[in-house]
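Residue numbers (full-length UniProt numbering): 1 to 642.
Positions of the beta carbon are idealized from the N, C-alpha and C atoms, including for glycine.
The structure displayed is predicted, hence computed values, not measured ones.
Structure, as structure tokens:
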Amino acid sequence: FSFLQERLRYVLGLLLLLHNTDSFYVPGVAPINFHRNDPVEIKAVKLTSSRTQLPYEYYSLPFCQPSKITYKAENLGEVLRGDRIVNTPFQVSMNVEKKCEVLCNFPNKPVILTVEQSKLIAERIREDYYVHLIADNLPVATRLEFYSNREEEEKKKEKDVQFEHGYRLGFMDGNKFYLHNHLSFILYYHREDVEESQEHTYRVVRFEVIPQSIKLEDLKADEKSMCTLPEATGSAPQEIDPTKENQLLFTYSVHWEESDIKWASRWDTYLTMSDVQIHWFSIINSVVVVFFLSGILSMIIIRTLRKDIANYNKEDDIEDTMEESGWKLVHGDVFRPPQYPMILSSLLGSGIQLFCMILIVIFVAMLGMLSPSSRGALMTTACFLFMFMGVFGGFFAGRLYRTLKGHRWKKGAFCTATLYPGVVFSICFILNCFIWGKHSSGAVPFPTMVALLCMWFGISLPLVYLGYYFGFRKQPYDNPVRTNQIPRQIPEQRWYMNKFVGILMAGILPFGAMFIELFFIFSAIWENQFYYLFGFLFLVFIILVVSCSQISIVMVYFQLCAEDYRWWWRTFLVSGGSAFYVLIYAVFYFVNKLDIVEFIPSLLYFGYTALMVLSFWLLTGTIGFYAAYMFVRKIYAAVKID
Numbered sequence: 001f002s003f004l005q006e007r008l009r010y011v012l013g014l015l016l017l018l019h020n021t022d023s024f025y026v027p028g029v030a031p032i033n034f035h036r037n038d039p040v041e042i043k044a045v046k047l048t049s050s051r052t053q054l055p056y057e058y059y060s061l062p063f064c065q066p067s068k069i070t071y072k073a074e075n076l077g078e079v080l081r082g083d084r085i086v087n088t089p090f091q092v093s094m095n096v097e098k099k100c101e102v103l104c105n106f107p108n109k110p111v112i113l114t115v116e117q118s119k120l121i122a123e124r125i126r127e128d129y130y131v132h133l134i135a136d137n138l139p140v141a142t143r144l145e146f147y148s149n150r151e152e153e154e155k156k157k158e159k160d161v162q163f164e165h166g167y168r169l170g171f172m173d174g175n176k177f178y179l180h181n182h183l184s185f186i187l188y189y190h191r192e193d194v195e196e197s198q199e200h201t202y203r204v205v206r207f208e209v210i211p212q213s214i215k216l217e218d219l220k221a222d223e224k225s226m227c228t229l230p231e232a233t234g235s236a237p238q239e240i241d242p243t244k245e246n247q248l249l250f251t252y253s254v255h256w257e258e259s260d261i262k263w264a265s266r267w268d269t270y271l272t273m274s275d276v277q278i279h280w281f282s283i284i285n286s287v288v289v290v291f292f293l294s295g296i297l298s299m300i301i302i303r304t305l306r307k308d309i310a311n312y313n314k315e316d317d318i319e320d321t322m323e324e325s326g327w328k329l330v331h332g333d334v335f336r337p338p339q340y341p342m343i344l345s346s347l348l349g350s351g352i353q354l355f356c357m358i359l360i361v362i363f364v365a366m367l368g369m370l371s372p373s374s375r376g377a378l379m380t381t382a383c384f385l386f387m388f389m390g391v392f393g394g395f396f397a398g399r400l401y402r403t404l405k406g407h408r409w410k411k412g413a414f415c416t417a418t419l420y421p422g423v424v425f426s427i428c429f430i431l432n433c434f435i436w437g438k439h440s441s442g443a444v445p446f447p448t449m450v451a452l453l454c455m456w457f458g459i460s461l462p463l464v465y466l467g468y469y470f471g472f473r474k475q476p477y478d479n480p481v482r483t484n485q486i487p488r489q490i491p492e493q494r495w496y497m498n499k500f501v502g503i504l505m506a507g508i509l510p511f512g513a514m515f516i517e518l519f520f521i522f523s524a525i526w527e528n529q530f531y532y533l534f535g536f537l538f539l540v541f542i543i544l545v546v547s548c549s550q551i552s553i554v555m556v557y558f559q560l561c562a563e564d565y566r567w568w569w570r571t572f573l574v575s576g577g578s579a580f581y582v583l584i585y586a587v588f589y590f591v592n593k594l595d596i597v598e599f600i601p602s603l604l605y606f607g608y609t610a611l612m613v614l615s616f617w618l619l620t621g622t623i624g625f626y627a628a629y630m631f632v633r634k635i636y637a638a639v640k641i642d
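What follows is the structure, given as structure tokens:
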């Protein structure tokens, strides 16, 4: 149901867009107008840490609770991300200041944390947890001000401002733990233009927090739950001693400021990218790489192939050409079906499914329809698209399987629908068991798992069968030359024709074309950053497709010149060579960028990395395979064969 609600919100957003063309709305989200004194609800999303990679629910720690806890209905993407959006007892009203207020319990009855609770809070502070709250769907951010490496005179004038998502639960000083028990909320509103007779309406455009740790004795509170904050210099922080009970007060203050930021641009603060130059540099670098490759390729194809074909098609002097030539010699074996044609066609079918899904997701996201404000929409869309793209995966797999002289189409279809998704599901299920053991909100609940299984066997499997049936019935790919009865002997190959050397050589260029983008994607996944540069990503994806195709054609040409006609599996493996570099980069990122020390977080990191590498190998291998197949059919169609 939540998925349907998401889609309805998209449609409503688009209608609003059409109806109100003078302002820009991100489809899926409509602005909420507040009047003065209207309640602005503050909700909690989760606690996260890049050190443990395990999100937790907000009330897994002993924070103040409202009289009734209500959880928001969530879409599939939010559940998979570990978001558990819940109400909080913060009372915030539009444009109403609050100096300092006690959150729960009366001032004369502070919150008493048991030894168990104190231990838990101290552990979470040591693990560097952040708390994520939202107000009017805007995530809370902590402002970080620092001086950049500018000249001394400029230093005095301006500081660089960056924002950190969420706020730190607490901090450590030596071996002591301190909890941020006072939150100063700073909310920014934009005053909307209305007619004179009407009351002003406001929209929330930014949500910041300054967390503070203030000792119970320093918070002077009265019976009305009001409190006075001590002077900044003279206050001591609130220590949490994990060996005994602790007494403290949770307090908060609210400050409103007017802002010029329009509602449509309110997410810009969170998405501020100081590294757009790096992206442009990366893309220009990639384009140069691709042009360089295209140049080499054009030279090989045009000069060498024309020469080859002209030689082959000369009627006289055939004996001489036969001795010096390479790829024409294997014409009777080049289309000989490989070993395990069913598995090959199944993997390529899954590759096509992934390719269609990724292309559509990046394109839709580039149009701004999957912005970070529609929480979980990206994940939900990707899951559903993968299921529905099964029909294309099945069609291509079925047609290729028939071309490779396969007969058991039902078994082939089942293999296509279950091989790759089965591996993904198994790895995710094993990792999920470990996350369950940690009681993290990142664990996919059992009903969601059953729903995913139903989607797999109820949507994806039938669609793969449907596509496979039509693909298998369609005319197989037309191979331009006949295959000989007796396979030709393959001469001994040089060292550089080894599969592993091929993978290393073929992977480096596509990886070089996209590795800067990979850094930002990794930061988004493992360090709770927002990733929104889908325009760049779309360009990089196109470059990746082109460079994979080109390198695959070059590799298959060299292989056929060396009179080795076993190119089917080899092309698929070698074209996915950049996945090997992604794996090496992931290990480098883990060692240098992440501060993960425990076993389960490391297991999660490498488990999910293995899935990413497998998917990337399928994607690039499929692109390379189809490029090479088209190339081989083209060159053999151009030569006359007796």
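Between the Cα of residue i and the Cα atoms of the options, which residue gives the shortest distance?
i	options	result
Q238	A221, A141 and E217	E217
R541	P462, I623 and I508	The identity of residue 541 in the sequence shown is Phe, whereas the question assumes Arg. Here the closest residue by C-alpha is I623.
I42	I186, T403 and K499	I186
I283	M455, F536 and R570	F536
P242	Y252, E116, A443 and A236	E116
F580	F590, T609 and I553	T609
W327	F558, A44 and T381	F558
T620	E563, A638 and Q550	Q550
T70	E57, Q353, L80 and F631	E57
Y188	Y178, Y202 and W617	Y202
R168	Q162, N181, H279 and G174	N181
K348	T381, L400, I503 and D308	Per the sequence shown, residue 348 should be read as Leu rather than Lys. The residue with the shortest Cα to Cα distance from L348 is L400.
Just checking my contact of residue i with residue j at CB under 8 angstroms: how many whole Å lie between their CB atoms?
i	j	result
S346	C428	Actually they do not touch by this definition, with Cβ atoms about 20 angstroms apart.
S575	F511	Not confirmed; about 12 angstroms, so no contact.
H35	M94	7 angstroms
E74	G376	7 angstroms
Mapping the DSSP letters down to three states, classify residue i as helix, strand or coil.
i	result
A73	coil
P211	strand
A397	helix
C64	coil
residue 649	Outside the shown range of the chain, which is 1 to 642, sits residue 649, and nothing can be said about it.
V545	helix
N37	coil
E492	coil
L271	coil
I596	coil
V639	coil
residue 723	Nothing can be reported for residue 723: it is not among the residues displayed for the chain, which extend from 1 to 642.
V26	Low confidence applies here, because V26 scores a pLDDT of 48, under 50, leaving its location unreliable; read the following figure in that light. If DSSP states are grouped into helix, strand and coil, V26 belongs with coil.
K634	helix
E563	coil
State the Cα-Cα distance for the pair residue i and residue j, rounded to the nearest angstrom.
i	j	result
residue 643	M612	The requested residue 643 is not part of the displayed model; the chain covers only 1 to 642.
C383	Q198	46 angstroms
F204	V361	Per the sequence shown, the amino acid found at residue 204 is Val instead of Phe. Going from the Cα of V204 to the Cα of V361 covers about 29 angstroms.
S184	D160	21 angstroms
Y59	R84	10 angstroms
N592	F599	17 angstroms
P421	E231	59 angstroms
N498	M299	24 angstroms
M357	M387	9 angstroms
F363	A44	31 angstroms
P372	M379	11 angstroms
M455	I641	50 angstroms
D128	L297	51 angstroms
R633	Q53	48 angstroms
A397	K314	38 angstroms
P62	V450	31 angstroms
F446	L509	42 angstroms
A443	W568	40 angstroms
H279	I516	7 angstroms
Tell me the DSSP bridge mates of residue i?
i	result
N246	L113
M497	Its beta-bridge partners do not exist; DSSP assigns none.
V131	L47 and Y167
S184	I210 and S253
C227	A221
Q162	L144
E258	Y189
N87	K43
R203	H190
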